[in-house]
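Position one of the sequence shown corresponds to residue 36 (our numbering), numbered consecutively onward.
By construction, the Cβ of each residue, glycine as well, lies at the ideal position given by its N, Cα and C atoms.
Reviewing the structure listed below.
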Amino acid sequence: MIIEGLKLTLLGMMVVYAFLGMLVVIANLSAKIFKTFTEREASAFAFQMRRKDHAVPSVPDQRKIIAAISASISAHRTRRKRDLQQ
Numbered sequence: 036m037i038i039e040g041l042k043l044t045l046l047g048m049m050v051v052y053a054f055l056g057m058l059v060v061i062a063n064l065s066a067k068i069f070k071t072f073t074e075r076e077a078s079a080f081a082f083q084m085r086r087k088d089h090a091v092p093s094v095p096d097q098r099k100i101i102a103a104i105s106a107s108i109s110a111h112r113t114r115r116k117r118d119l120q121q
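Here it is, written out as structure tokens:
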């Protein structure tokens, strides 16, 4: 009985390690495959940051952004409270 339990434990551990190994291999492959996409995005972002007309939003624009964020947070909290009460 104990031997069967040890065999099952060993089998389970082997399955977990095999899955983790496959996960590492897949993650490394996807990093290599998508490297060109991330390099293009990084270069496009750097180009946008170097543009002359790139400026920090003015104070009224920042206030509008803060108001929009606050309104969405309030709406989310209201919806969340309503869902929890049901």
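Alpha helix (DSSP H) containing residue i: first to last residue?
i	result
R75	K70 to R85
Could you tell me the distance, in whole angstroms, from the CA atom of residue i to the CA atom of residue j?
i	j	result
V60	Q120	45 Å
A110	P95	23 Å
R112	S105	11 Å
L64	R117	44 Å
F54	A62	12 Å
L46	L58	18 Å
E76	K42	49 Å
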